[in-house]
Amino acid sequence: MVEAEKHVIETSLKMGVAPRAEINTPEQAEKYLEMGVKHFCIGTDVSILFDWFRDTGGAFNELLGREAPGAGGQHGGYGGAGD
Numbered sequence: 005m006v007e008a009e010k011h012v013i014e015t016s017l018k019m020g021v022a023p024r025a026e027i028n029t030p031e032q033a034e035k036y037l038e039m040g041v042k043h044f045c046i047g048t049d050v051s052i053l054f055d056w057f058r059d060t061g062g063a064f065n066e067l068l069g070r071e072a073p074g075a076g077g078q079h080g081g082y083g084g085a086g087d
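And the structure:
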């Protein structure tokens, strides 16, 4: 565990803020549980959200007759130059 991550977790707990650990497997939770972390985001959470954003955003872009942000070499999404 990186020292900065450990510091953030310890400080969060001391201040009454529940830290969350980003993990890919349940086995990775052990070291965080030992530190008092009770909230986790497992990699599948991220992929589920990504799929929903892609599909729902794609449907809206199609409805609005435009390309998705970042398509065609643009980066940064809405609000930037060329959006």
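Under our numbering, the letters of the sequence shown match residues 5 to 87, in that order. For every residue, glycine included, the Cβ atom is placed at its ideal position computed from N, Cα and C.
Roughly how many angstroms lie between the CA atoms of P30 and K42, to the nearest whole one?
Taking the sequence shown and counting its residues from 1, one reaches residue 30 at position 26. Taking the sequence shown and counting its residues from 1, one reaches residue 42 at position 38. Distance between the alpha carbons of P30 and K42 is about 12 Å.
Measuring CB atoms only, is the stretch 65-76 touching the stretch 47-57, in the sense that at least three cross pairs come out at less than 8 Å?
no
Do Q32 and A22 have their C-beta atoms closer together than 9 Å?
Counted from its first residue, the sequence shown places residue 32 at position 28. Counted from its first residue, the sequence shown places residue 22 at position 18. For Q32 and A22, no; Cβs fall outside 9 Å.
Can you list, in chain order, the residues of its chain with a C-beta nearer than 8 Å to that of S16? Leave out the 5 residues immediately preceding and following it.
One-based indexing of the sequence shown puts residue 16 at position 12. Cβ neighbours of S16 beyond the five flanking positions: A22 and P23.
Consult DSSP for E34 and reduce its assignment to one of helix, strand or coil.
As a working note, residue 34 is residue 30 in the sequence shown. E34: helix per DSSP, three-state reduction.
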